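Residue numbers (my numbering): 1068 to 1303.
Glycine included, each C-beta is placed from N, C-alpha and C at the ideal position.
This one's a predicted model, so the numbers in the text were calculated from it and none came from an experiment.
Input: a single structure, listed below in structure tokens.
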Amino acid sequence: MNAEELAKKRANYLSFLKKQPKGFLYLDEKQKPVAAKHAAKNADERAKNADEIDALNCNYRDCTACPLGSQGRTQVVFGKGLAEATLMFVGEGPGKDEDLQGAPFVGRSGKLLTQIIEAMGLSRESVYISNVVKCRPPENRTPLPNESSTCKDLLLLKEIAIIKPKIICTLGATATKALLGDETKITASRGMFVEWNGTLVLPTYHPAYLLRNPAEKRTVWEDMKKIMAKLAELEA
């Protein structure tokens, strides 16, 4: 092959690459069967995890294991997202909008969380979002310790065990205490990775707090940058 033919081939290849979607990975013929097998395995794992999450949730659709089950909730609000997500967000509990719609973080706080997730280059569908308690506390009060511990043991810890995220971002004091202990202060632990049962946990402020204190959005964004960097490191 002469220099002219090589230059033409290179130009054609570069043109081909420019037309490919973001995240495109070139595979030669030897690599394709391996990649296909890996993709099939991931699809099987995704389906298995999703089935396990559905089976878990089915057991608690009418849960009355703690007082929140009989204090006026509309429905139990289970976690949503990718069943084998590498990043999981855990908040306190559902509010009015979540209680009505049956999904976590769909009110004003949820819209802000979505904006944060998208700013990270992700989507709600690519992460998993849940709460410590799955039923709305009356008047959106903070869950009581027995309510948090009951729902954590029955659902949250089992969700985490199925999903196996690499990083859990706890949103606010209630979620942080649920995983890291009652003595953990959000102001002292925010922005620092803590190893918990083989998973990295990074506490940050709850989106509801950011709505009341907009200046802290910059602080939370710094925490999200730490998560992005750590995810890139773990997946390298």
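Three-state class that DSSP yields for residue i in the structure shown
i: E1300; result: helix
i: E1250; result: coil
i: S1190; result: coil
i: V1287; result: helix
i: P1134; result: helix
i: K1293; result: helix
i: G1139; result: coil
i: R1113; result: helix
i: P1204; result: coil
i: L1211; result: coil
i: Y1276; result: helix
i: R1128; result: coil
i: G1177; result: helix
i: A1170; result: coil
Spatial distance of residue i from residue j (CA atoms)
i: E1119; j: V1268; result: 23 Å
i: K1252; j: A1110; result: 39 Å
i: R1203; j: N1124; result: 16 Å
i: R1140; j: E1206; result: 11 Å
i: P1210; j: L1149; result: 26 Å
i: R1128; j: G1239; result: 26 Å
i: G1177; j: S1193; result: 15 Å
i: C1130; j: E1165; result: 17 Å
i: Y1276; j: A1245; result: 18 Å
i: R1113; j: I1184; result: 21 Å
i: S1190; j: L1180; result: 10 Å
i: D1249; j: P1212; result: 9 Å
i: I1196; j: T1254; result: 22 Å
i: N1198; j: K1225; result: 13 Å
i: K1147; j: K1115; result: 16 Å
i: L1223; j: T1266; result: 14 Å
i: Q1182; j: P1134; result: 33 Å
i: M1291; j: M1187; result: 7 Å
i: E1151; j: I1230; result: 5 Å
i: L1301; j: R1285; result: 25 Å
i: F1145; j: A1303; result: 32 Å
i: P1274; j: M1295; result: 18 Å
i: D1121; j: L1278; result: 32 Å
i: P1281; j: V1157; result: 21 Å
i: A1228; j: E1289; result: 28 Å
Sequence-distant residues of its chain with Cβ nearer than 7 Å to residue i (five each side left out)
i: A1132; result: T1217, L1221
i: V1143; result: Y1127, R1128, C1130, K1201, C1202
i: T1241; result: E1159, V1199, T1209, P1210, S1215
Bridge partner(s) assigned by DSSP for residue i
i: L1154; result: I1234
i: L1224; result: L1224 pairs with nothing; no bridge assigned.
i: L1267; result: I1234, E1262
i: N1198; result: G1158
i: G1148; result: Y1195
beta-carbon residue i near the ligand FMN non-hydrogen atom, thresh 7 Å
i: T1251; result: With respect to the ligand FMN, the structure shown offers nothing to examine, as it has no ligands at all.
Residues near residue i by beta carbon distance below 8 Å, same chain, minus five either side
i: S1137; result: T1131
i: L1298; result: T1153, L1154, K1233, I1234
i: L1247; result: T1237, S1256, V1261, W1263, V1268, P1270
i: M1259; result: L1269, P1270
i: K1293; result: G1258, F1260, L1269
Contacts around residue i, its chain only, beta-carbon distance under 6 Å, and the 5 residues preceding and following it disregarded
i: Y1317; result: Past the boundaries of the shown model lies residue 1317; the chain is included only from 1068 to 1303, so the question cannot be answered.
i: G1162; result: G1174, N1207
>> Closer than 8 Å is the cut-off here; do at least three beta carbon pairs connect the segment 1165-1173 with the segment 1212-1220?
In response: Segments in contact, no.
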